[in-house]
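K.L.:
In mature numbering (1 follows the signal peptide of the UniProt record, and there is no 0), the protein residues as written are -27 to -1, 1 to 262.
Sharing a structure below in structure tokens format, with a few things to ask.
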């Protein structure tokens, strides 16, 4: 009897480990980006990402891909549970040139956000220029993605777009480290970038877009909860150039082309509108392409 219990426990543990490994591979961005590029028409360009590796097939066949063209719409009243609640904290970080972008990673996490009652730990952020999402008919100078992961490996990303203007304080805080990456431009090793407070990227918080999408780089896994801030930040031309120089891939941009919206809903949430007892939800704006 005791041996049977041990055998059952052993099999269950093995299954748990297999499932744990399987789920841990979901929605993980490629760390070495040398196998693809952003040159349109190239054999390794965006149109061909799905042909490079079998596990990147979603880049070609996926129906819920990102980024997308976001149209303006009507605000929707939402329950408190749907709000993005940020509980960020300062933490030690590393900076890495991944081949086509710069990744800032919080070694032990940078705090959490909560969406629909689920906590997502802030893992890293990275930058794309120009912005990947097009909002109100245009792509902006820069977009930063804050990537969060839940305990069951689900992904939630908050995107902030920037137009040219005054320097961005958040980028200014890691400017010296970015210059160090430039001096070591042939190295893909991480460098320590000190204690960074993710809250320095200010989320206006009352209005944002929400839709279901994917990673914007291979393997293009879907099921990602996207939150895109409506407020446009400010970044200097020199800062955008610094990010591109730090990557040193000779590319002028690292933004994936816009993807079809298909049947998806894109909602413009306005958290200043509260749901009252017996109140009816306003039908959200639904965009289609």
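Positions of the beta carbon are idealized from the N, C-alpha and C atoms, including for glycine.
Compare the C-alpha of residue 242 against each of 235, 179 and 205 and name the closest.
P.N.:
Here the closest residue by C-alpha is 179.
K.L.:
Exposed or buried, residue 142, counting other C-beta atoms within 10 Å across all chains shown (16 or more means buried)?
P.N.:
Classification for residue 142: exposed.
K.L.:
Would a C-beta distance cut-off of 8 Å place residue 218 and residue 147 closer than the cut-off?
P.N.:
No, Cβ-Cβ distance for residue 218 and residue 147 is not below 8 Å.
K.L.:
I'd like to check one pair, residue 62 with residue 77: are the Cβ atoms closer than 8 Å?
P.N.:
No; because the gap between Cβ atoms is not below 8 Å, this pair is not in contact.
K.L.:
Suppose you measure from the CA of residue 103 to the CA of residue 227; what does that come to, to the nearest Å?
P.N.:
Distance between the alpha carbons of residue 103 and residue 227: 7 Å.
K.L.:
Can you give me the Cβ contacts of residue 92 inside the same chain, cut-off strictly under 8 Å, excluding the 5 residues immediately before and after it?
P.N.:
Excluding positions up to five away in sequence, the list reads 85, 86, 123 and 124.
K.L.:
Excluding five sequence neighbours on each side, which residues of the same chain lie with their C-beta closer than 6 Å to the C-beta of residue 245?
P.N.:
Hits under 6 Å: 179.
K.L.:
Does the Cβ-Cβ distance between residue 68 and residue 162 come in under 8 Å?
P.N.:
Taking 8 Å as the Cβ cut-off, residue 68 and residue 162 do not qualify as a contacting pair.
K.L.:
Using a Cβ-Cβ cut-off of 8 Å (strictly less than) and excluding sequence neighbours within five positions of residue 7, which residues of its own chain qualify?
P.N.:
Cβ within range, chain order: 72.
K.L.:
What residues in its chain sit with their C-beta under 7 Å from that of residue 120, if we drop five residues either side in the sequence?
P.N.:
Here the set comprises 96, 97, 98, 128 and 130.
K.L.:
Determine the direct distance from the alpha carbon of residue 100 to that of residue 23, and round the result to whole angstroms.
P.N.:
The alpha-carbon atoms of residue 23 and residue 100 are separated by roughly 22 Å.
K.L.:
Which two residues bound the contiguous alpha helix (DSSP H) that contains residue 218?
P.N.:
That run of the alpha helix (DSSP H) goes 210 to 220.
K.L.:
Do residue 136 and residue 205 have their CB atoms nearer than 8 Å?
P.N.:
Yes, Cβ-Cβ distance for residue 136 and residue 205 is below 8 Å.
K.L.:
Give the straight-line distance between the Cα atoms of residue -7 and residue 194, rounded to the nearest whole angstrom.
P.N.:
In this prediction, residue -7 has a pLDDT of 33, which is less than 50 and means its spatial position is unreliable; nothing more can be read from the coordinates.
K.L.:
Let me check understanding here. Comparing Cα to Cα, which of 209, 220, 238 and 66 lies closest to residue 184?
P.N.:
Closest option to residue 184, Cα to Cα, is 238.
K.L.:
Out of curiosity, what's the CA-to-CA distance linking residue 200 and residue 39?
P.N.:
Spanning the two alpha carbons is a distance of roughly 12 Å.
K.L.:
For residue 82, which residues from the same chain have a beta carbon less than 7 Å from its beta carbon, with the 5 sequence-adjacent residues on both sides left out?
P.N.:
Excluding sequence neighbours, residue 82 sits near 64, 94, 95 and 96.
K.L.:
So what's residue 157 in DSSP terms, helix, strand or just coil?
P.N.:
DSSP places residue 157 in coil when its eight states are reduced to three.
K.L.:
Grab the span of the beta strand (DSSP E) containing residue 22 for me, first residue to last.
P.N.:
Run containing residue 22: none in the beta strand (DSSP E); it sits in the alpha helix (DSSP H), 22 to 25.
K.L.:
On the CB-based measure, 16 or more other CB atoms within 10 Å of its CB, does residue 138 come out buried or exposed?
P.N.:
So residue 138 counts as exposed.
K.L.:
What separation, rounded to the nearest whole angstrom, lies between the Cα atoms of residue 57 and residue 134?
P.N.:
Those two C-alpha atoms are separated by around 17 Å.
K.L.:
What span of residues does the alpha helix (DSSP H) with residue 308 cover, start to end?
P.N.:
One cannot answer for residue 308 here, as it falls past the ends of the chain, which runs -27 to 262.
K.L.:
In this structure, what does DSSP give as the bridge partners for residue 86?
P.N.:
Bridge partners of residue 86: 59 and 93.
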